[in-house]
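Residue numbers (full-length UniProt numbering): 1 to 485.
For each residue, glycine too, the CB sits at the ideal point set by N, CA and C.
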């Protein structure tokens with residue numbers, strides 16, 4: 001057909017006109033509708049392409065290529081369920097006929113369906129599809145296709161294992177002997193492998209793994225000093241290891257070559273804040289917001305810095321702007337709720353914490369703060385439920401046990417309060433204030449007056465010891481609670 005030649009020359013409109021002529025001569029010609037649908041896909045006329053491909057399927061319901069191309073149109077339109085349905089039909093149809101063309105279609109279907117599922121964070125099913133695609137490549141006799149796709153699929157399978165937190169399997173994929181040769185030939189591919197492998201080590205999280213990640217990032221930068229992702233991740237790695245100055249140097253190096261790198265500006269701002277330089281952090285975030293003024297994350301982080309500097313009014317403006325930019329930004333709602341609590345606006349703060357818990361029902365910090373606001377409003381039963389729920393999520397949080405113990409003491413339940421103070425002391429055994437509260441709980445029980453006196457005595461002794469240690473610089477004075485970045 002002439003329209004195939006036009007398609008190869010990227011003269012898609014001319015190809016569509018030829019298809020129109022073919023359909024005029026033969027209204028039931030499946031290939032004409034199929035090719036016209038494909039040409040319209042290339043012209044980004046996805047709705048019209050879907051219409052043509054659907055007509056082709058009405059004429060011939062067993063046309064697997066029409067299902068495949070219609071699935072690609074649905075992907076572009078964002079219709080996930082329709083795309084997955086068409087991909088599944090393609091796989092059913094090609095399983096009945098085995099030849100080189102159907103094998104290629106089956107391979108492309110597995111790859112594209114896997115990419116679609118990966119994009120929508122369905123990593124488990126994406127992994128299955130990519131593994132099937134890899135098997136098809138390995139059993140095919142096409143050496144060119146094997147060399148082109150094999151190493152890419154192995155890399156993508158490793159990424160799926162990483163997203164599924166199967167770190168050892170991810171490392172096995174990235175260090176597989178089957179892709180060593182390709183990594184020697186292709187420097188960019190080698191760097192991608194090292195970067196992915198280092199990211200896995202970072203997520204493993206222990207000191208040994210972080211050291212391995214650091215070395216891999218440095219290997220990449222040794223070969224290509226301008227590799228932005230490697231330098232950015234190296235900065236993140238240094239920050240996690242507590243080397244803030246080194247992290248600052250890496251982020252500054254990126255900004256030297258690319259002053260508009262938003263992630264580097266944001267990361268350097270956070271490091272500046274961690275090094276107790278809030279003014280420099282504020283400057284970096286303002287610079288980042290010049291390039292991306294409606295970023296909810298950047299607005300939230302600037303609000304945190306303004307809150308840190310004591311400017312609650314402007315911090316609240318930033319949090320509100322972040323909430324407008326992204327109504328599902330839990331951090332902005334949470335931090336705004338804290339400001340409202342600070343200013344005594346407890347009902348409004350509760351509304352914001354309610355929204356945080358709609359976004360993330362397992363946020364124990366929001367549950368705890370909502371409970372504190374309810375205690376001030378004397379909604380004791382509801383506050384108790386919130387704290388008990390928070391303890392179910394985080395049973396080893398000493399401060400939640402303490403808050404619940406104080407609430408139970410207020411509700412005149414000293415026996416239950418004592419249990420929670422005792423659990424808090426098992427988790428955090430040297431806190432004089434908790435001993436004092438447990439002494440208060442025991443003093444309200446007639447049979448535990450002596451134990452209450454012992455708790456008060458321990459409280460005084462611990463307090464004296466802590467003051468002496470602070471005086472001699474052995475421990476630091478308690479700092480303010482950090483807000484969320």
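| Check | Outcome |
| --- | --- |
| Proximal residues to residue 77 (C-beta, below 8 Å), its chain only, five neighbours per side dropped | 46, 47 and 50 |
| Where residue 341 falls, given that 16 or more other Cβ within 10 Å makes a residue buried | buried |
| Cβ contact (3+ pairs, closer than 8 Å) linking the region 290-300 and the region 275-282 | no |
| Same chain, Cβ closer than 8 Å to residue 369, neighbours up to 5 away in sequence not counted | 334, 337, 338, 341, 349 and 353 |
| Runs of alpha helix (DSSP H) lying entirely within the region 143-218, each at least 4 residues, in chain order | 143-163, 167-174, 180-185 and 187-204 |
| Test item: CB-CB of residue 130 and residue 157 under 7 Å | yes |
| Closest Cα partner of residue 200 within the set 161, 235, 232 and 220 | 161 |
| When 241, 97, 193 and 424 are compared against residue 490, the one with the closest alpha-carbon | Look at the range of the chain in this structure, 1 to 485, and you will see that residue 490 is not part of it. |
| Straight-line Cα distance separating residue 346 from residue 376 | 8 Å |
| CB-CB length for residue 463 against residue 414, believed under 8 Å | Incorrect: roughly 23 Å between the Cβ atoms, too far for contact. |
| Segment contact flag, the region 459-473 with the region 443-451, C-beta cutoff 8 Å, min 3 pairs | no |
| Burial state of residue 406, where buried means 16 or more other Cβ atoms lie within 10 Å | buried |
| Nearest neighbour of residue 94, chosen from 106, 86 and 305 [CA to CA] | 106 |
| Span separating the alpha-carbon of residue 254 from that of residue 323 | 30 Å |
| Residue 461, buried or exposed, once every other Cβ within 10 Å from all chains shown has been counted against 16 | exposed |
| Burial state of residue 306 (16 or more Cβ within 10 Å) | buried |
| Residue 85: first and last residue of the uninterrupted alpha helix (DSSP H) it sits in | 80-94 |
| Per-residue burial, residue 187 [other beta carbons within 10 Å of its own, 16 or more giving buried] | exposed |
| Whole runs of the alpha helix (DSSP H) within the region 318-390, excluding any shorter than 4 residues | 330-342, 346-359 and 364-376 |
| Residue 223 - DSSP class collapsed to helix/strand/coil | helix |
| When 153, 234 and 116 are compared against residue 135, the one with the closest alpha-carbon | 153 |
| Backbone CA spacing between residue 31 and residue 74 [nearest angstrom] | 20 Å |
| Buried or exposed (CB count within 10 angstroms, at least 16 for buried), residue 149 | buried |
| DSSP three-state assignment for residue 58, whether helix, strand or coil | helix |
| Coarse secondary structure for residue 312, derived from DSSP in three states | helix |
| Contacting residues, own chain, Cβ-Cβ under 7 Å from residue 360 (five flanking each side not counted) | 330 |
| Alpha carbon of residue 483 to alpha carbon of residue 304, nearest angstrom | Because residue 483 carries a pLDDT of 45, less than 50, the predicted location of this residue cannot be relied on, and the following value inherits that uncertainty. Distance between the alpha carbons of residue 483 and residue 304 is about 6 Å. |
| DSSP state of residue 73 mapped onto helix, strand, coil | helix |
| Closest Cα partner of residue 357 within the set 344, 193, 332 and 180 | 332 |
| Residue 123 beta carbon less than 7 Å from that of residue 84 | no |
| Integer-rounded CB distance, given that residue 36 should sit under 8 Å from residue 63 | Wrong, their Cβ atoms sit about 13 Å apart, outside the cutoff. |
| Status (buried if at least 16 other CB within 10 Å, exposed otherwise) for residue 474 | exposed |
| For residue 425 and residue 485, the rounded distance between their alpha carbons | For residue 485, the predicted structure reports a pLDDT of 44, less than 50, and the residue's modelled location is therefore unreliable. A value from the coordinates is still provided. Approximately 29 Å between the Cα atoms of the pair. |
| Runs of alpha helix (DSSP H) wholly within the region 251-289 (minimum 4 residues, chain order) | 262-274 |
| Distance, residue 86 Cα to residue 71 Cα | 5 Å |
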